[in-house]
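Student:
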Amino acid sequence: MLKRIKPLGWLVIFVIMGLLFTSLSPLASGQTLNATKLSNRQTDIKLIDKLPSQFPDISLNLETIARNDYHIQIQRPSTKSETINVILQDWINEKKDSFIDKFRDTSANSKEEAPSLKIDVLTEQIKDDSYNFIFTLKEAEQPSETRVFNVNIKQDRELKLDDILKIDDSTLKTLHEQLEESFFEQETSVSDSVLEHFFSDPSAWNWSVNKNALILYINAENNSSTLKATVPFEALYLHFTSDITEIIDMSAEQKQERINAIEAEQERIRKEKEKQKEQEKRKAEEKARQQENSPVNNGENKYVALTFDDGPSKEVTPRILDTLAKHGAKATFFMIGNQAKALPGTAQQVAAAGHEIGNHTMDHADLSKLDAGSIRKKIGEAADSIEQATGIRPYLIRPPYGAYNDAVMNDAVNQGDSLILWSVDSLDWQSRNADAVISEIQKEITSGAIILMHDIHPSTADALPRLLNWLESQGYQFVTVSQLLNMQGQHGAGPYYGNIK
Ligand code: NI
Numbered sequence: 003m004l005k006r007i008k009p010l011g012w013l014v015i016f017v018i019m020g021l022l023f024t025s026l027s028p029l030a031s032g033q034t035l036n037a038t039k040l041s042n043r044q045t046d047i048k049l050i051d052k053l054p055s056q057f058p059d060i061s062l063n064l065e066t067i068a069r070n071d072y073h074i075q076i077q078r079p080s081t082k083s084e085t086i087n088v089i090l091q092d093w094i095n096e097k098k099d100s101f102i103d104k105f106r107d108t109s110a111n112s113k114e115e116a117p118s119l120k121i122d123v124l125t126e127q128i129k130d131d132s133y134n135f136i137f138t139l140k141e142a143e144q145p146s147e148t149r150v151f152n153v154n155i156k157q158d159r160e161l162k163l164d165d166i167l168k169i170d171d172s173t174l175k176t177l178h179e180q181l182e183e184s185f186f187e188q189e190t191s192v193s194d195s196v197l198e199h200f201f202s203d204p205s206a207w208n209w210s211v212n213k214n215a216l217i218l219y220i221n222a223e224n225n226s227s228t229l230k231a232t233v234p235f236e237a238l239y240l241h242f243t244s245d246i247t248e249i250i251d252m253s254a255e256q257k258q259e260r261i262n263a264i265e266a267e268q269e270r271i272r273k274e275k276e277k278q279k280e281q282e283k284r285k286a287e288e289k290a291r292q293q294e295n296s297p298v299n300n301g302e303n304k305y306v307a308l309t310f311d312d313g314p315s316k317e318v319t320p321r322i323l324d325t326l327a328k329h330g331a332k333a334t335f336f337m338i339g340n341q342a343k344a345l346p347g348t349a350q351q352v353a354a355a356g357h358e359i360g361n362h363t364m365d366h367a368d369l370s371k372l373d374a375g376s377i378r379k380k381i382g383e384a385a386d387s388i389e390q391a392t393g394i395r396p397y398l399i400r401p402p403y404g405a406y407n408d409a410v411m412n413d414a415v416n417q418g419d420s421l422i423l424w425s426v427d428s429l430d431w432q433s434r435n436a437d438a439v440i441s442e443i444q445k446e447i448t449s450g451a452i453i454l455m456h457d458i459h460p461s462t463a464d465a466l467p468r469l470l471n472w473l474e475s476q477g478y479q480f481v482t483v484s485q486l487l488n489m490q491g492q493h494g495a496g497p498y499y500g501n502i503k
């Protein structure tokens, strides 16, 4: 039969076949075929709906994808700022893509059991062109997660936490306290490690602001949903940036409260400074009083500063005062704040006898193990208690255990105090034996020494009469620590040890 087709006939056949192929080609690459293929496998339904938005500058779409292997439902906000849209869509798309990568082509038994990704957004106006976009993301079996974007549409930028708050130690401390309070009220417990991690990087925080509060969102690890802490504006008035009222919408009442809070804080600081000035003045007066009767150091006479720590005590301190009085000797008593508080009468007796009074902290704390704030507290509270009992504000500090570091030194420098150590340890705390105390001092004594003793051991009171007799026989004069420093021309923060042999 082919034999009967002429060359012209072949040409006609080629043309017809060519036409047929061209007309069928959309089937090979176009959507019709693709859709047929997918509908066979996944029943893919993809919808974009426009949702109502309460803000004219923001539109909201709902994207829905329903397949046998997964479901997706995403609320996508869109603003007049392209820059911001890119930021928002990039985040959404990244979440969507990673979800799809995880679940594409996984076989679920039925549509109902297919894993789903749901991203909802709550939009709140911060002020004018500024908005919070609070996204809640819920993926398959995982706990929900919150991601917040704060934006200014007009300025084409994200708002950062430091637009709102001064990020410094004081602010972070307040936020830490507020978070703990908020979780306590919610009866939620948050581990220290989660909080520590959270506070290690404030720039990564998810936060939003409403009319009354800053909200912090903590995406905790370990299968729990986002924790939410509410920090009321009242707690933040002192920590807001100076142009906060430009950024967030405050009521007239809140603005006034903020001004009041700032004024009250300035007043508190002013009073605190005034108080410190008065304390410094009283310390200076006491210093002058101590130095008034300083013997002259002509290089010939011998002198020694006796010091007594850890008192006052009910039994031992009065015995020591008696002995000193018999010899007309002046000494220095480094009192523990709690002891002065418990025995104000005894503390007062020491002061009335004209001895010098120093500060041995509130409760014999090892200052070298504390932070600057705690060091100040331990010393400051002791100074208050001692002043309360004796009328004298001490400026000589003896750190318990002789333990000090740069932070302790800094405190002394800031306060105009002096750190006083010792050059001769009587070891009375160890031997608890009068003879041993005397021989230890006899072994180590030299002119200009500062001797460490304790007015809490009866054995020390036992040793004192013989010790003073012997020191006098050797030509020693008894001076207070301030007198000794004055004779040695020392007036700074120290530390001072006294002379060694
Ligand atoms: Ni002590």
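Per my numbering, the sequence shown runs over residues 3 to 503.
The C-beta atom is built at its ideal place from N, Cα and C for all residues, glycine as well.
Rounded to the nearest angstrom, how far is the Cβ of Ile388 from that of Ile359, given a contact under 8 Å?
Tutor: Yes, they are in contact, since the Cβ atoms of Ile388 and Ile359 sit about 6 Å apart, within 8 Å.
Student: Rounded to whole angstroms, what is the Cα-Cα separation between Asn299 and Ile453?
Tutor: When rounded, the distance between both Cα atoms is 19 Å.
Student: If you measure from each CB to the nearest heavy atom of the ligand NI and keep those under 6 Å, what residues do you get, in chain order?
Tutor: Those residues, listed in chain order, are Asp311, Asp312, His362, His366, Pro402.
Student: Kindly provide the ranges of any beta strand (DSSP E) runs that are 3 or more residues long and lie completely inside the stretch 121–178, ordered along the chain.
Tutor: The qualifying runs are 132–141, 147–154.
Student: Which same chain residues end up closer than 7 Å to Leu90 when comparing Cβ atoms and leaving out the 5 residues on each side of it in sequence?
Tutor: Here the set comprises Pro79, Phe135, Phe151.
Student: Could you tell me which of Lys140, Ser420, Gln390 sits nearest to Leu398, measuring between CA atoms?
Tutor: Here the closest residue by C-alpha is Ser420.
Student: Under the assumption that Pro320 contacts Gln479 (Cβ atoms under 8 Å), give the Cβ distance between them as a whole number of angstroms.
Tutor: Between Gln479 and Pro320 the Cβ distance is about 24 Å, and since that is not below 8 Å, they are no contact.
Student: Looking only at its own chain, which residues have a Cβ that is under 8 Å from the Cβ of Thr190, when we skip the five neighbours before and after it?
Tutor: The residues are Leu229.
Student: Candidates Thr325, Tyr305, Gln432: which alpha carbon is nearest Gly477's?
Tutor: Taking only the C-alpha atoms, the option nearest Gly477 is Tyr305.
Student: Can you list, in chain order, the residues of its chain with a C-beta nearer than 7 Å to that of Pro497? Leave out the 5 residues immediately preceding and following it.
Tutor: If we look at Pro497 and ignore the five residues flanking it on each side, its Cβ neighbours are Tyr406, Leu421, Leu423.
Student: Tell me the rounded alpha-carbon separation between Asp194 and Glu187.
Tutor: Taking the straight line joining both Cα atoms gives about 17 Å.
Student: If we call anything under 8 Å between Cβ atoms a contact, is Lys357 one with Lys332?
Tutor: As written in the sequence, residue 357 is His, which differs from the Lys given in the question. Yes, they are a contact pair.
Student: Going straight from the alpha carbon of Asn340 to that of Arg395, what length do you get?
Tutor: Each residue's Cα considered, the two are about 15 Å apart.
Student: From Lys371 to Ala384, what does the alpha carbon distance come to, in whole angstroms?
Tutor: Taking the straight line from one Cα to the other gives about 18 Å.
Student: From Gln417 to Pro346, what distance separates their C-alpha atoms?
Tutor: The alpha-carbon atoms of Gln417 and Pro346 are separated by roughly 24 Å.
Student: Taking the alpha helix (DSSP H) that Trp424 belongs to, which residues open and close that run?
Tutor: Trp424 -> no alpha helix (DSSP H), and no H or E assigned at all.
Student: Specify the secondary structure class of Thr348 as computed by DSSP and reduced to three states.
Tutor: Correct three-state label for Thr348: helix.
Student: On a CA-only basis, which of Ile249, Arg272, Leu308 is nearest Gln485? Give me that one, please.
Tutor: Taking only the C-alpha atoms, the option nearest Gln485 is Leu308.
Student: Inspect the CB distances between the stretch 197–208 and the stretch 159–172 and report whether three or more fall short of 8 Å.
Tutor: Cβ pair count under 8 Å is three or more, so yes.
Student: Any idea if Arg1 is buried or exposed, counting beta-carbon neighbours within 10 angstroms, 16 or more meaning buried?
Tutor: Past the boundaries of the shown model lies residue 1; the chain is included only from 3 to 503, so the question cannot be answered.
Student: Within its chain, find whatever has a CB closer than 6 Å to the CB of His329; leave out the 5 residues flanking it on each side and keep chain order.
Tutor: So the qualifying residues of the chain are Leu470.
Student: Identify whether Lys230 lies in helix, strand or coil by the three-state DSSP scheme.
Tutor: It is a strand residue.
Student: For Pro314, name the three-state secondary structure that DSSP assigns.
Tutor: Coil at Pro314, not helix or strand.
Student: What first and last residue would you give for the beta strand (DSSP E) that runs through Glu236?
Tutor: Neither: Glu236 is in no beta strand (DSSP E) and is coded neither H nor E.
Student: In chain order, what residues of the same chain lie with their CB nearer than 8 Å to the CB of Lys343, ignoring the 5 residues before and after it?
Tutor: Ser387, Gln390, Ala391.
Student: Rounded to the nearest angstrom, what separates Trp209 and Asp365 at their Cα positions?
Tutor: The alpha-carbon atoms of Trp209 and Asp365 are separated by roughly 42 Å.
Student: To the nearest angstrom, how far is the alpha carbon of Glu513 from that of Asp164?
Tutor: Given a span of 3 to 503 for the chain in the structure shown, any question on residue 513 remains unanswerable.
Student: So for Leu372, helix, strand or coil by DSSP?
Tutor: Leu372 falls in the coil class under three-state DSSP.
Student: Starting from the Cα of Ala495, find the closest Cα among Gly450, Pro467, Met411, Asp427 and give me that residue.
Tutor: Ranking the options by Cα distance to Ala495, first place goes to Met411.
Student: Look at Ser428 and Val439 and say whether their C-beta atoms are less than 8 Å apart.
Tutor: Yes, Cβ-Cβ distance for Ser428 and Val439 is below 8 Å.
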